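Q: So the mapping is simple: my numbering equals the position in the sequence shown, first residue as 1, plus 394. Glycine is no exception: its CB is placed at the ideal position from the N, C-alpha and C atoms. Bear in mind that the values here come from a model prediction, so they are computed numbers and not experimental data.
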Amino acid sequence: LIDQEGQVVDHLRLVHIMKNSNSMKPGEADLKRRDMESLSNFIDKRRPHVLAICGESLDAFYLKRDIEVILRQLAESNGTTITPVEIVDNEAAKVYMHSKQAIVSYNVMKHHSFISDTLGRF
């Protein structure tokens with residue numbers, strides 16, 4: 395979660411969110427379901443204005459579709475409006491990530507945290 399000044403306020407690690415919810419592998423669908431429940435609780439608690447997904451592949455479209463289902467369910471149960479979900483190109487974040495200024499500012503951040511923070515600023 396990134397505030398209006400571009401600072402990371404909160405985050406959520408979802409290791410299994412890209413797994414297939416219709417998978418035949420034992421336990422894989424359950425892992426995906428748990429991550430989606432965690433995301434749902436996070437969204438319900440924090441109430442973001444918009445959700446951004448870094449999009450480099452078709453997986454981003456599938457993830458957007460899954461998240462929109464969660465948002466519709468939350469909107470129906472809470473009586474609120476549906477939060478928009480956007481797929482964002484991450485090229486600007488990658489360019490900044492490899493700049494000298496970014497290396498000085500963010501040398502202790504992990505790669506995914508860094509990209510998330512940079513996307514939030516742009």
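Is it buried or exposed, residue 406, if we count other Cβ atoms within 10 angstroms and call 16 or more buried?
A: exposed
Q: Which same chain residues, not among the five before or five after residue 415, have their C-beta less than 6 Å away from its C-beta?
A: 423, 426
Q: Whole alpha helix (DSSP H) runs in the stretch 428-478 with 4 or more residues, listed along the chain?
A: 452-472
Q: Are the stretch 475-484 and the stretch 432-446 touching, with three or more C-beta to C-beta distances below 8 Å?
A: Result yes; three or more Cβ-Cβ pairs closer than 8 Å.
Q: Between 401, 402, 436, 397, which has its C-alpha nearest residue 464's C-alpha?
A: 436
Q: Grouping DSSP H, G and I as helix and E and B as strand, with all else coil, what is residue 399?
A: coil
Q: Determine the DSSP secondary structure at residue 482, reduced to helix, strand or coil.
A: Residue 482 carries a strand assignment under DSSP once its states are collapsed to helix, strand and coil.
Q: Residue 419 to residue 412, Cα distance in whole Å?
A: 14 Å
Q: At a cut-off of 8 Å, would you count residue 467 as near the ligand COA, judging by its Cβ distance to the nearest heavy atom?
A: Ligands displayed in this structure: none; no statement on the ligand COA is therefore possible.
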